[in-house]
Amino acid sequence: MIFGVLIASLAVTGLTAVAVYTDTIDLPFDRGFSAKEVKQDVVLAQPCIPEGTLPVPYDTIPVNVLNATSQGGLAASASSSLADRGFTVASTGNTEVVVEGIRISFGLSGLASAYTVAAHFEDADLYYDAREDASVDVLLGSSFETVKAPEAVTLDPTVPMISREGCVAINEITPQALPLVASTEEPAEDAPADEAPAEEVPAG
Numbered sequence: 012m013i014f015g016v017l018i019a020s021l022a023v024t025g026l027t028a029v030a031v032y033t034d035t036i037d038l039p040f041d042r043g044f045s046a047k048e049v050k051q052d053v054v055l056a057q058p059c060i061p062e063g064t065l066p067v068p069y070d071t072i073p074v075n076v077l078n079a080t081s082q083g084g085l086a087a088s089a090s091s092s093l094a095d096r097g098f099t100v101a102s103t104g105n106t107e108v109v110v111e112g113i114r115i116s117f118g119l120s121g122l123a124s125a126y127t128v129a130a131h132f133e134d135a136d137l138y139y140d141a142r143e144d145a146s147v148d149v150l151l152g153s154s155f156e157t158v159k160a161p162e163a164v165t166l167d168p169t170v171p172m173i174s175r176e177g178c179v180a181i182n183e184i185t186p187q188a189l190p191l192v193a194s195t196e197e198p199a200e201d202a203p204a205d206e207a208p209a210e211e212v213p214a215g
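Numbering (my numbering), first residue to last: 12 to 215.
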C-alpha cells in the first residue's frame with residue numbers, strides 16, 4: 012500500500028513538472044515575478060508629401076523643442092542649433108511623452124514644415140496629430156545625439172522634397188489626439204545677482 016501511494020505521488024509530480032515545462036499551467040508564484048508593463052514609443056504610418064512641394068523657409072516654421080529623456084540640456088542644445096540655421100524656436104522644455112527616437116509632431120497644415128524640420132535629424136519619425144496650427148514639435152528621445160551637420164542636410168530651396176519610402180497619403184491616416192501630458196519649460200540659467208545699490212552720499 013505504501014509503495015502504491017509513493018508511486019502515485021511520483022507520477023503526479025512528474026506530470027506537473029511536464030505541464031509547467033511546456034507552459035500548460037502556470038505556477039501561482041510566477042505571477043509575482045511578471046515584468047511590469049512598460050509604455051512603448053508609438054511609430055505611425057509615415058505620410059507622403061504632395062509632389063512638387065518645396066522646403067519651407069526656416070524662419071516661417073514655429074518649432075517647439077522638447078526633451079523626452081532625463082538627460083538635461085538636450086532641448087537647449089538642439090534648439091540652439093535650429094535657431095542658428097534660421098528656424099523660429101517658439102519654445103523649449105521637457106515632456107513626459109514616451110519617445111525612444113526622434114519624433115516630429117505636426118498637424119495637417121504643417122506637413123511640409125515637418126518634412127523640412129525632419130531633414131535636420133537622423134532617422135526622425137513623423138507623427139501626425141490633431142493640432143490646428145502649422146507649428147512643429149521636435150521630441151528628443153534617448154537615441155538623440157545631435158542635430159545633423161549643416162552640410163549633411165540635403166535640402167535645396169529650389170528642389171521639391173521627396174516623400175518617404177513606403178509612405179501613405181495623409182488623408183488615409185487618422186490624426187492622433189494631442190497629448191494630455193503637459194510639457195514643462197526647462198529651468199533658465201541662474202541670473203546674475205543684482206548689483207548692490209550705491210551708498211548714499213551725505214549732504215554737505
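Even glycine gets a Cβ: it sits at the ideal position worked out from N, Cα and C. Bear in mind the structure is a predicted one, so any value in this text is a computation, not a measurement.
- Task: Please look up how many angstroms separate the CB atoms of D148 and S120, rounded, as I've assumed it's under 8 angstroms.
- Result: Sequence index remark: in the sequence shown, residue 148 carries index 137 (1-based). Sequence index remark: in the sequence shown, residue 120 carries index 109 (1-based). Going by Cβ atoms, the distance from D148 to S120 rounds to 14 angstroms, so no, they are not a contact pair.
- Neighbourhood of Y139 by C-beta distance below 7 angstroms, restricted to the same chain and skipping five residues each side: Taking the first residue of the sequence shown as 1, we reach residue 139 at position 128. Excluding positions up to five away in sequence, the list reads L55, P58, F117, I181, I184, P186 and Q187.
- Query: If you count every other CB in all the chains shown that lies within 10 Å of the CB of S90, and 16 or more means buried, which is it?
  - Reply: Indexing the sequence shown from 1 puts residue 90 at position 79. Buried, by the Cβ-count rule.
- Query: Leaving out the 5 sequence neighbours to the left and right, which residues in its chain are closer than 7 angstroms to V110 when beta-carbon positions are compared?
  - Reply: Position 99 of the sequence shown holds residue 110. So the qualifying residues of the chain are D52, A79, L150 and G152.
- Item | Given S88 as reference, the closest of D70, E176, K159 and P171 once Cα atoms are compared | For the purposes of this step, residue 88 is taken as the residue at position 77 of the sequence shown. Closest option to S88, Cα to Cα, is K159.
- Message: Check this for me: beta carbons of A123 and M172, under 9 angstroms apart or not?
- Response: The residue labelled residue 123 in the question sits at position 112 within the sequence shown. The residue labelled residue 172 in the question sits at position 161 within the sequence shown. Closer than 9 angstroms, so yes.
- Have a look at L166 and F98 and give me their C-alpha separation to the nearest angstrom. Looking up residue 166 in the sequence shown gives position 155. Looking up residue 98 in the sequence shown gives position 87. Each residue's alpha carbon lies about 14 angstroms from the other.
- Task: Compute the distance between the beta-carbons of T127 and I72, then report whether it is under 9 angstroms.
- Result: As a first step, residue 127 must be located in the sequence shown, where it is residue number 116. As a first step, residue 72 must be located in the sequence shown, where it is residue number 61. Their beta carbons are under 9 angstroms apart, which means T127 touches I72 by this criterion.
- Closest residue to L93 among E62, S146, A145 and H131 (Cα-Cα distance): Working through the sequence shown from its first residue, we reach residue 93 at position 82. The option with the nearest alpha carbon to L93 is H131.
- Return the residue from the list V108, L137 and E176 that minimises the CA-CA distance to S81. Locating residue 81 in the sequence shown gives position 70, where the first residue counts as 1. Comparing Cα positions, the closest option is V108.
- Length-filtered (4 minimum) alpha helix (DSSP H) runs lying within the region 52-137: Secondary structure remark: continuous alpha helix (DSSP H) runs of at least 4 residues inside the region 52-137, in chain order: 85-95 and 122-129.
- Message: Buried or exposed, going by whether 16 or more other CB atoms sit within 10 Å of the CB of T106?
- Response: By one-based count along the sequence shown, residue 106 stands at place 95. T106 is buried by the Cβ-count criterion.
- Query: What are the partner residues of L150, as DSSP defines its beta bridges?
  - Reply: In the sequence shown, the residue the question calls residue 150 occupies position 139. Answer is L77 and R114, bridged to L150.
- Contact set for L77: own chain, Cβ-Cβ below 8 angstroms, skip 5 residues either direction: Translated into the one-based positions of the sequence shown, residue 77 becomes position 66. If we look at L77 and ignore the five residues flanking it on each side, its Cβ neighbours are A86, T103, G104, N105, T106, V108, D148, V149, L150, L151 and S194.
- Message: Closest to L137 by C-alpha separation, out of D70, E176, P68 and G84, would be which residue?
- Response: Looking up residue 137 in the sequence shown gives position 126. Among D70, E176, P68 and G84, the Cα nearest to that of L137 is on E176.
- Message: Cutting at 6 angstroms between CB atoms, please list the residues of its own chain near P190, excluding the five before and the five after it.
- Response: On the sequence shown, residue 190 is found 179 positions in, with the first residue counted as 1. Sequence-distant partners of P190 (beyond 5 residues in either direction) whose C-beta falls short of 6 angstroms from its own C-beta, in its chain, are V108.
- Task: Run the CB neighbour count on R114, radius 10 Å, all protein chains shown included, and call it buried at 16 or more, exposed below.
- Result: Translated into positions along the sequence shown, residue 114 becomes position 103. R114 counts as buried, since at least 16 other C-beta atoms from the protein chains shown sit within 10 angstroms of its C-beta.
- Message: Counting C-beta neighbours from all protein chains within 10 Å, is the total for P66 16 or more, i.e. buried, or is it exposed?
- Response: Translated into the one-based positions of the sequence shown, residue 66 becomes position 55. P66 counts as buried, since no fewer than 16 other beta carbons sit within 10 angstroms of its beta carbon.
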